[in-house]
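Chemist: Numbering (our numbering), first residue to last: 147 to 286. For every residue, glycine included, the Cβ atom is placed at its ideal position computed from N, Cα and C.
1) Please name the residue or residues paired with residue 239 in a DSSP beta bridge.
2) Please confirm if the segment 182-192 is in contact with the segment 214-228, defined as three or more CB-CB distances below 8 Å between the two stretches.
3) Is the segment 195-205 touching the segment 173-182 in the sense that three or more CB pairs, one from each, lie closer than 8 Å?
4) Round the Cβ separation of residue 195 and residue 207 to the nearest angstrom and send it over; I've been treating them as touching at under 8 Å.
5) Report the start-end ranges of each beta strand (DSSP E) in the segment 216-273 that is 3 residues or longer and not cut off at the edges.
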């Protein structure tokens, strides 16, 4: 059985080697949302051509268009993405949320669970670097 220190070192090595991966026979595509800075990740699944006739010596194929599907893998499905789990996800919706002017910034985390994690020495190697303070919706 490995010690807690060894388990943490193994986990840290795994985290440091994370990289985005492409799925076979598909490509990442972004659809622009209601604002130019909002892009929705889609996966274009490429299909094989369909046999529609011809002969065994000279078969006739018809191309099939790629099938777009919503891609929920985030940066982990994008080979172009630099992944750093200590920084967390990029704030892709920050400008959109700020422009609505319906949130307030908190002084820090508020849940008992998050506060306990901030004080837990066993989780210090796995904490996010908080660049921004948490927010909540305004009253009403």
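Modeler: Put simply:
1) Within the chain shown, residue 239 is the residue found at index 93, counting from 1. Note: residue 239 sits in no beta bridge, so no partner.
2) yes
3) no
4) As a first step, residue 195 must be located in the chain shown, where it is residue number 49. As a first step, residue 207 must be located in the chain shown, where it is residue number 61. At roughly 4 Å, the Cβ-Cβ gap stays under 8 Å, so residue 195 and residue 207 are in contact.
5) 249-251
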